[in-house]
Amino acid sequence: MFLLDESFAEFDETYRYPDATSLHNLLIARSMTKLFTVPGLRVGYAHGHPDLIRTIRHGIPPWSVNAFAQAFAGRAYADSAYINHTRRTIRADREGLSRRIKQLPGTHVFPTQANFLLLRLPSKLEDLVRRLLEQEGIAVRDCGNFDGLDPSYIRVAVKRRGDNERLCDALERHLL
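Quick note: the sequence shown uses our numbering, first residue 2, plus one each step.
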């Protein structure tokens, strides 16, 4: 059994679903909270072979999704204008944030289509930068425990323009 987590795939406007309905051992899971920016709303969906979906449905407890989440899920994808606007806004903000961070010496920004950036900070400075960002109330994800990464890697969210500028200003203060 393979589970393909596509929680962030909807940020990539060119991405197309693999056809999981013909494969008995593939389940594709998506979260609706990422693209629609509703982190407190726990709702998503799965795509897979009908037999696999039936098996999973039997294991789901009744009322596992509240009425509000169900109503949201039933209507969210009908608003294609909102979806396109969100994708354009995130893309523009992500590109601006990435461009500014790339100007910092010794910092590497990895390509992404998602609403976050993976950064490699200059060696020996990662702990200091993380502590200083936390002191300024800027949350970053330490990626040192991810397979293949070390403590010099952090993940930062693409947020509203003002928040992104605050992050960049703080990084500049601590890295320049």
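Even glycine gets a Cβ: it sits at the ideal position worked out from N, Cα and C.
Being a predicted model, the structure only gives us computed values, none of them experimental.
Return helix, strand or coil for A68, following the three-state DSSP convention.
Looking at A68 - three-state DSSP - the assignment turns out to be helix.
Give me, in chain order, the residues of the same chain whose beta-carbon lies closer than 6 Å to that of A115; leave out the 5 immediate sequence neighbours on both sides.
Only F9 and F12 meet the Cβ criterion.
Going by other Cβ atoms of all chains shown within 10 Å of its Cβ, with 16 needed for buried, is F37 buried or exposed?
Looking at its Cβ environment, which holds 16 or more other Cβ atoms inside 10 Å, F37 is buried.
Give me whichever residues DSSP pairs with A30 in a beta bridge.
Answer is D6 and A47.
Just to confirm the assignment, what range does the beta strand (DSSP E) spanning R17 have?
Unbroken run through R17: none, as it is neither H nor E.
Tell me which residues share the same chain as N26 and place their Cβ nearer than 7 Å to its Cβ, disregarding the 5 neighbours each side in the sequence.
Excluding residues within five positions, the ones whose Cβ falls inside 7 Å are M2 and F3.
According to DSSP, is D170 part of a helix, a strand, or is it coil?
DSSP places D170 in helix when its eight states are reduced to three.
Locate the beta strand (DSSP E) running through R121, then write down its first and last residues.
Looking at the DSSP string, the run of the beta strand (DSSP E) that includes R121 is F117 to R121.
Which partner residues does Y154 have in the DSSP bridge list?
DSSP, once it has assigned bridges, lists R121 as partnering Y154.
Given this structure, state the Cα-to-Cα distance separating A93 from N85, to the nearest angstrom.
Going by the C-alpha atoms only, they are around 12 Å apart.
At what residues does the alpha helix (DSSP H) containing K103 begin and finish?
Run containing K103: S81 to K103, per the alpha helix (DSSP H) assignment.
Do you know whose CA, among I102, R121 and G49, lies nearest L24's CA?
Minimum Cα distance to L24 is reached at G49.
Is it right to say A68 is buried, meaning 16 or more other beta carbons lie within 10 angstroms of its own, or is it exposed?
The residue in question, A68, is exposed, as its Cβ has fewer than 16 Cβ neighbours within 10 Å.
Do D143 and P152 have their C-beta atoms within less than 8 Å of each other?
Closer than 8 Å, so yes.
Assuming L176 contacts P106 under a Cβ cut-off of 8 Å, what Cβ separation, rounded to an integer in Å, is found between them?
L176 to P106, Cβ: 7 Å. Contact.
Would you mind giving the Cβ-Cβ distance between I155 and L129, rounded to the nearest angstrom? I have them listed as a contact below 8 Å.
Not a contact, Cβ separation roughly 12 Å.
DSSP has V110 in a bridge; who is on the other side?
L120.
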